[in-house]
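Let me begin by presenting the structure, written as structure tokens, before commenting on it.
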Amino acid sequence: MQSKNKKAPTSSERIHIARIKGMDCVVCGASGPSECHEINQGQWFTSMPLCADCHRGSLNGIHGQKRMWAVQKLDELSALNKTLNLLFDGN
Ligand SMILES: [Zn+2]
Ligand SMILES: [Zn+2]
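Here this note's numbering = 1-based position in the sequence shown + 9.
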């Protein structure tokens with residue numbers, strides 16, 4: 010979701026966004042590059058990697074009916090926790 014008056018990310022935020030986008034989808038595991046989803050608009054350090062379907066899919070996506078999220082028993086905070094786990098401990 011883009012909004013017009015969204016603040017441009019700082020350089021450290023840009024580095025974080027690039028790392029997030031390079032990861033696999035944290036919900037279904039689809040291989041990256043992924044899209045970067047922010048829990049709160051413009052708060053990049055609490056963003057997570059999602060495939061297009063888990064992100065914007067009308068049925069599966071977090072911006073849709075969240076079916077895949079329900080199947081995987083994830084909410085945004087659990088997905089963020091999983092993201093940070095992978096980021097700090099993962100491959
Ligand atoms: Zn996915
Ligand atoms: Zn999003």
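Here a beta-carbon is modelled for each residue, glycine too, at the ideal position from N, C-alpha and C.
Whole-angstrom distance between residue j and residue i, CA atom to CA atom
i, j, result
"V36", "H64", "9 Å"
"R23", "M57", "13 Å"
"I48", "L89", "9 Å"
"H25", "A61", "19 Å"
"C34", "A17", "24 Å"
"D84", "W78", "7 Å"
"K91", "Q50", "20 Å"
"L68", "V80", "12 Å"
"H46", "H72", "10 Å"
"R28", "L86", "19 Å"
"K30", "W53", "12 Å"
"S21", "E44", "18 Å"
Proximity test, residue i beta-carbon vs ligand 2 heavy atom, cut-off 7 Å
i, result
"H111", "Outside the displayed span of the chain (10 to 100) sits residue 111, for which this structure offers no information."
"E47", "yes"
"H25", "no"
Residue i CB to nearest heavy atom of ligand 1 below 7 Å
i, result
"L83", "no"
"A39", "yes"
"C34", "yes"
"L59", "yes"
Sheet register partners of residue i (DSSP bridge)
i, result
"S20", "Partner(s): none; S20 has no beta bridge."
Could you tell me whether the stretch 40 to 51 touches the stretch 90 to 99, where touching means 3 or more Cβ pairs closer than 8 Å? no
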